[in-house]
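Engineer:
Number of protein chains: 2
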Amino acid sequence: MRINENYWKLQDSYLFSTIAKKVKAFLAEHPDQKIIRLGIGDVTLPLPAAVVSAMHEAVDEMGKKESFHGYGPEQGYSFLKTAIQGYYARLPVKLEEEEIFVSDGAKSDLGNILDLFDRHNTVLVPDPVYPVYVDTNVMAGRNIVYMNANELNGFLPMPDGQVQADIIYLCSPNNPTGAVYHKTQLKAWVDYARRQGAVILFDAAYEAFISDESLPRSIFEIDGARECAVEFCSFSKTAGFTGTRCGYTVVPKELTYGGTKLNSMWLRRQTTKFNGVPYIVQKGASAVFSEEGQRQVKANIDYYKENARIIADALKKQGIWYTGGENSPYLWLKCPEGKSSWEYFDYLLTQAGIVGTPGAGFGKNGEGFFRLTAFGDRENTKEAVQRLASLR
Amino acid sequence: MRINENYWKLQDSYLFSTIAKKVKAFLAEHPDQKIIRLGIGDVTLPLPAAVVSAMHEAVDEMGKKESFHGYGPEQGYSFLKTAIQGYYARLPVKLEEEEIFVSDGAKSDLGNILDLFDRHNTVLVPDPVYPVYVDTNVMAGRNIVYMNANELNGFLPMPDGQVQADIIYLCSPNNPTGAVYHKTQLKAWVDYARRQGAVILFDAAYEAFISDESLPRSIFEIDGARECAVEFCSFSKTAGFTGTRCGYTVVPKELTYGGTKLNSMWLRRQTTKFNGVPYIVQKGASAVFSEEGQRQVKANIDYYKENARIIADALKKQGIWYTGGENSPYLWLKCPEGKSSWEYFDYLLTQAGIVGTPGAGFGKNGEGFFRLTAFGDRENTKEAVQRLASLR
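In order, the protein sequences belong to chains L and F. Note that our numbering has the first sequence beginning at 3, numbered continuously upward. Note that our numbering has the second sequence beginning at 3, numbered continuously upward.
(1) Measure the C-alpha to C-alpha separation of Ile322/L and Pro360/L and round it to an integer number of angstroms.
(2) Please report the straight-line C-alpha distance between Arg297/L and Phe81/L, rounded to a whole angstrom.
(3) Where DSSP assigns a beta bridge to Ala231/F, which residues make up the other side?
(4) Could you please give me the residues that DSSP links to Pro360/L through a beta bridge?
(5) Would Thr251/L and Asp111/L be called neighbours here (beta carbons separated by less than 7 angstroms)?
(6) With respect to the beta strand (DSSP E) encompassing Pro128/L, which residues constitute its N-terminal and C-terminal limits?
(7) Return the first residue and the last residue of the alpha helix (DSSP H) that Ile344/L is part of.
(8) Alpha carbon to alpha carbon, how far is Arg271/L from Asn277/L? Give it in angstroms, no decimals.
(9) Run through chain C and tell me which residues come within less than 7 angstroms of Val25/F, C-beta to C-beta.
(10) Could one say the Cβ of Tyr306/F lies closer than 7 angstroms to chain L's Cβ atoms, at least one of them?
(11) Nearest chain F C-beta to Gly74/L closer than 7 angstroms, yes or no?
(12) Count the other CB atoms, across all protein chains shown, that sit within 10 Å of the CB of Val232/L; report buried if there are 16 or more and exposed otherwise.
(13) Which class does Thr179/L belong to by DSSP, given the choice of helix, strand or coil?
(14) Answer yes or no: do Val182/F and Leu217/F have a C-beta to C-beta separation smaller than 7 angstroms?
(15) For Arg271/L, which of helix, strand or coil comes out of DSSP?
(16) For Tyr77/L, does the count of other Cβ atoms within 10 angstroms reach 16, so buried, or fall short, so exposed?
(17) Comparing the C-beta of Lys285/L with each C-beta of chain F, is any distance below 7 angstroms?
(18) At least one CB of chain L closer than 7 angstroms to the CB of Met160/F: is that the case?
(19) Please compile the residues from chain L whose C-beta is within a distance smaller than 8 angstroms of the C-beta of Ser110/F.
(20) Taking 7 angstroms as the threshold (beta carbon to beta carbon), is Gln280/L in contact with chain F?
(21) Please report the straight-line C-alpha distance between Glu345/L and Lys319/L, rounded to a whole angstrom.
(22) For chain F, is any of its Cβ atoms less than 7 angstroms away from the one on Lys195/L?
(23) Is there a C-beta anywhere in chain F that falls below 7 angstroms from the one on Arg144/L?
(24) Assuming Leu116/L and Ile170/L make a contact with CB atoms under 8 angstroms, what is their CB distance in whole Å?
(25) Among the candidates Pro175/L, Ala310/L, Pro159/L, Pro48/L, whose CA atom is the shortest distance from the CA of Trp191/L?
(26) In chain L, which residues lie less than 7 angstroms from Thr138/F when you measure between Cβ atoms?
(27) Within 8 angstroms, do at least three Cβ pairs link the segment 203-214 of chain L to the segment 11-26 of chain L?
(28) In the DSSP assignment, find the unbroken beta strand (DSSP E) run with Leu335/L in it and report its ends.
(29) At what residue ranges does the segment 104-179 of chain L contain a whole run of the beta strand (DSSP E), taking only runs of 3 or more?
(30) May I ask you to list the residues that DSSP assigns as paired with Val252/L?
(31) Mind checking which residues open and close the alpha helix (DSSP H) that includes Thr325/L?
(32) Report the CB separation of Gly107/F from Ser238/F in whole angstroms; it is logged as a contact under 8 angstroms.
(33) Buried or exposed: Glu293/F, going by 16 or more other Cβ atoms within 10 Å of its Cβ?
(34) With DSSP collapsed to three states, give me the class of Arg92/L.
(35) For chain F, find out if any of its Cβ atoms is closer than 7 angstroms to the Cβ of Ala314/L; answer yes or no.
(36) For Lys263/F, write down the residues that DSSP places opposite it in a beta bridge.
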């Protein structure tokens with residue numbers, strides 16, 4: 003049996019293990035130092051009460067013969083898909099129910115969608131980048147072309163007509179940079195993709211953090227996107243589902259390549275290799291869209307956004323260049339005094355007991371930059387900011 | 003962008019849609035006829051009380067900041083993996099915790115594991131077969147070789163030294179035939195696989211239905227299997243998790259091809275393209291292994307097995323040849339009087355109001371055979387058997 007030798011080309015990522023090792027070593031030397039983690043990409047607030055209550059009800063249903071649910075539709079229950087449809091309608095974006103596929107999260111779908119594409123496609127990814135976009139394509143042996151995201155373009159790279167691409171990854175609000183494309187920029191991407199006959203894989207996992215109403219929360223707010231884009235969304239950061247696992251992917255019916263509808267291919271892929279999201283979880287997810295759920299989710303996001311504002315204010319006061327933090331839970335700052343990402347990491351850890359994420363871990367253009375996140379506790383965030391201020 | 007054109011080679015399956023159409027047409031003509039479904043492959047009993055109670059607790063934990071769980075380990079929580087370890091220990095089969103990967107179900111893993119294998123491998127599948135084995139390999143463009151399962155070999159095909167194979171699918175207890183390999187048979191498969199340098203993908207989703215203690219419930223009861231087999235298990239049929247989604251896959255550390263450990267590859271695949279099973283679901287699954295949980299699960303399985311016994315007795319009385327039904331929820335019978343699978347389907351539907359599954363839907367060797375299942379309600383099963391008897 004021959005293995006898939008593309009796995010040999012995968013690079014090991016030592017980013018988070020190196021961070022853990024450095025923190026451990028520091029704490030061994032300074033056991034009384036309180037560490038504040040502003041590098042965390044995971045939520046810390048509990049599930050909204052509406053979700054908890056819907057899941058309790060669903061658990062009870064599953065415990066009684068007359069209300070028990072066995073296999074559900076692989077692509078998700080109608081009660082959740084119509085709720086998602088309603089959520090899009092507010093933008094306004096009109097979706098058909100059959101264009102919405104409920105899944106166990108954006109990460110799974112971003113990886114699995116590649117099943118539909120030939121190996122001999124060229125993939126365009128921004129640098130710095132969420133490592134999953136790169137690794138999933140390396141595993142399939144695809145050629146990857148990087149586009150530079152940097153200070154000059156505000157970490158929002160634009161299409162280059164000279165570059166040929168088949169599969170294009172866009173993430174807005176961006177992880178790790180927090181930068182958000184505006185509509186004219188996304189329109190340029192849509193036009194480019196259509197000229198190239200390419201598909202845009204649009205990662206909208208952080209859309210709920212956008213409060214500026216002029217910014218697009220879905221690529222389907224852009225004319226022509228239904229002919230060239232798939233959108234990936236998640237309840238993870240919106241409603242605290244990182245450990246509860248639910249997301250959804252939108253595949254418009256217009257999306258046709260080589261005479262074949264991607265929507266039909268994805269349906270076939272999911273019905274063959276997936277068996278749907280737990281009924282209990284789908285019930286919880288649908289409660290996110292209730293009036294009560296939306297109010298509670300907004301309160302959680304406001305809490306994280308206030309954290310982001312507190313960090314952003316501190317960076318502004320210190321004259322540190324950054325993106326994100328306004329319509330995103332991430333702040334991406336330029337390390338002061340020409341420090342490298344890891345130098346700044348060591349500096350913050352040893353001088354202030356603050357742990358962030360070195361930008362160099364997300365690609366070559368991340369060198370000299372640093373990611374802070376707003377997912378921490380309010381008191382800790384405030385204390386971190388005071389510690390930062392006292393460094394000057 | 004070029005799509006994966008292997009999708010064009012997929013055959014549409016009309017099996018269950020044709021069944022639905024025929025039943026609908028019959029009911030339109032005979033609105034008062036009570037239909038009994040003995041074709042159903044889904045469980046009907048609710049989740050065991052121990053599972054329900056564990057999931058309520060977990061939902062409460064997720065609703066409080068101090069006990070909230072965000073991202074968990076992609077390969078599953080230790081509390082569940084050690085419980086699974088203990089479950090295997092009773093066979094006795096010794097597994098390391100790192101050899102167990104918790105997933106959202108056997109169907110997902112059976113499809114996704116193929117990511118690890120080169121396209122140019124030859125796949126050996128039995129006919130009749132669970133269609134997922136075939137479709138997932140067609141999607142990847144692999145060459146498929148069929149082995150005949152038939153009345154002569156009791157629907158338990160044995161290895162043929164003349165046939166070259168790289169990836170071998172075995173399912174025991176089998177879906178759709180209910181046939182179960184004994185240890186010497188599996189040993190022959192293990193020896194064959196090792197000689198060929200092949201990997202066995204062993205689908206043990208129905209292991210909990212085995213009560214004959216001489217029959218293997220895991221391929222790892224066989225010497226040498228750790229060098230050539232991956233095992234796929236599920237809580238679906240064992241504990242009623244078809245709509246709750248949890249399974250586990252065992253990848254032994256000895257499993258090495260081309261100098262690469264499959265265990266490391268699978269870990270890399272899952273950490274890249276998967277984000278773990280919901281905490282709530284893993285808590286529910288771990289309750290299956292509590293003393294109370296095991297008692298409740300056994301009661302459910304006994305219920306289904308009693309249904310199987312009732313059907314089997316009826317078949318015996320009528321002199322109908324069948325496999326399964328004893329250590330399996332499936333009964334696979336030879337259609338009487340030389341009827342074809344669909345002729346017998348029509349006969350049972352129109353003469354007795356019973357709906358089963360035509361064997362022809364599972365491959366060419368299924369023609370002339372018919373699948374009945376034990377997952378129905380006791381009263382309905384009894385009534386079905388009476389109706390069958392009155393046909394003579």
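Glycine residues also receive a C-beta, built at the ideal position from the N, C-alpha and C atoms.
Structural biologist: In short:
(1) Along the first sequence, one-based indexing puts residue 322/L at 320. Along the first sequence, one-based indexing puts residue 360/L at 358. C-alpha separation (whole angstroms): 16 angstroms.
(2) Here residue 297/L is taken as the residue at index 295 of the first sequence, counted from 1. Here residue 81/L is taken as the residue at index 79 of the first sequence, counted from 1. Taking the straight line from one Cα to the other gives about 20 angstroms.
(3) Position 229 of the second sequence, counted from the start, is the residue given in the question as residue 231/F. Per DSSP, Ile202/F.
(4) Taking the first residue of the first sequence as position 1, residue 360/L is located at position 358. The partner list for Pro360/L (beta bridge, DSSP) reads Phe372/L.
(5) Along the first sequence, one-based indexing puts residue 251/L at 249. Along the first sequence, one-based indexing puts residue 111/L at 109. Against a cut-off of 7 angstroms, the Cβ pair of Asp111/L and Thr251/L comes out as a contact.
(6) Residue numbering aside, residue 128/L sits at position 126 when the first sequence is read from its first letter. Start and end: 124-129.
(7) Residue numbering aside, residue 344/L sits at position 342 when the first sequence is read from its first letter. The sequence as given places Trp at residue 344/L; Ile does not occur at that position. Residues 343-354.
(8) What you label residue 277/L is simply residue 275 of the first sequence in a count that begins at 1. What you label residue 271/L is simply residue 269 of the first sequence in a count that begins at 1. Going from the Cα of Asn277/L to the Cα of Arg271/L covers about 11 angstroms.
(9) Annotation note: the requested chain C is absent from the structure, which comprises protein chains L and F.
(10) By 1-based counting over the second sequence, the position of residue 306/F is 304. No, its Cβ sits nowhere closer than 7 angstroms to a Cβ of chain L.
(11) Working through the first sequence from its first residue, we reach residue 74/L at position 72. For Gly74/L, the answer is yes, since a Cβ of chain F falls inside 7 angstroms of its Cβ.
(12) Residue numbering aside, residue 232/L sits at position 230 when the first sequence is read from its first letter. Buried, by the Cβ-count rule.
(13) In the first sequence, residue 179/L corresponds to position 177, counting from 1. Note: Thr179/L maps to coil in three-state DSSP.
(14) Numbered from its first residue, the second sequence carries residue 182/F at position 180. Numbered from its first residue, the second sequence carries residue 217/F at position 215. For Val182/F and Leu217/F, yes; Cβs fall inside 7 angstroms.
(15) In the first sequence, residue 271/L corresponds to position 269, counting from 1. In the structure shown, Arg271/L sits in a helix (DSSP, three-state: H, G or I).
(16) Within the first sequence, numbered from 1, the residue matching residue 77/L stands at position 75. Sequence check: residue 77/L is Gln here, not Tyr. Classification of Gln77/L: buried, given that the 10 Å Cβ count is 16 or more.
(17) On the first sequence, residue 285/L is found 283 positions in, with the first residue counted as 1. No, its Cβ sits nowhere closer than 7 angstroms to a Cβ of chain F.
(18) Counting from one through the second sequence, the residue named residue 160/F turns up at place 158. Not an interface residue.
(19) Counting from one through the second sequence, the residue named residue 110/F turns up at place 108. Within chain L, the residues near Ser110/F are Lys275, Phe276, Asn277.
(20) Locating residue 280/L in the first sequence gives position 278, counting from the first residue. It should be pointed out that residue 280/L corresponds to Pro in this sequence rather than to Gln. Output row for Pro280/L: interface = yes.
(21) Along the first sequence, read from residue 1 onward, the residue named residue 345/L stands at position 343. Along the first sequence, read from residue 1 onward, the residue named residue 319/L stands at position 317. Whole-angstrom Cα-Cα distance: 22 angstroms.
(22) In the first sequence, counting from the first residue as 1, residue 195/L sits at position 193. Note that residue 195/L corresponds to Ala in the displayed sequence, not to Lys. Taking Cβ atoms only, chain F never reaches closer than 7 angstroms to Ala195/L, which makes this a no.
(23) Against the first sequence, residue 144/L aligns to sequence position 142. Judged by the 7 angstroms Cβ criterion, Arg144/L is not in contact with chain F.
(24) Here the question's residue 116/L lines up with position 114 in the first sequence. Here the question's residue 170/L lines up with position 168 in the first sequence. Not a contact, Cβ separation roughly 13 angstroms.
(25) For the purposes of this step, residue 191/L is taken as the residue at position 189 of the first sequence. The shortest C-alpha separation from Trp191/L is found at Pro159/L.
(26) Taking the second sequence and counting its residues from 1, one reaches residue 138/F at position 136. Simply Thr274, Lys275.
(27) no
(28) To locate residue 335/L, count along the first sequence from 1; it is residue 333. Unbroken beta strand (DSSP E) run through Leu335/L: 332-336.
(29) 124-129, 145-150, 169-173
(30) Your numbering for residue 252/L matches position 250 in the first sequence. In DSSP, Val252/L forms a bridge with Ile102/L, Glu233/L.
(31) Counting from one through the first sequence, the residue named residue 325/L turns up at place 323. Looking at the DSSP string, Thr325/L is not in any alpha helix (DSSP H); the run it does join, the beta strand (DSSP E), is 324-326.
(32) The residue given as residue 107/F occupies position 105 in the second sequence. The residue given as residue 238/F occupies position 236 in the second sequence. Gly107/F to Ser238/F, Cβ: 6 angstroms. Contact.
(33) Here residue 293/F refers to the residue found at position 291 when the second sequence is read from its first residue. Exposed is the call here.
(34) Taking the first sequence and counting its residues from 1, one reaches residue 92/L at position 90. Correct three-state label for Arg92/L: coil.
(35) Within the first sequence, the letter at position 312 stands for residue 314/L. No, no contact with chain F.
(36) Taking the first residue of the second sequence as 1, we reach residue 263/F at position 261. Paired residue(s): Thr258/F.
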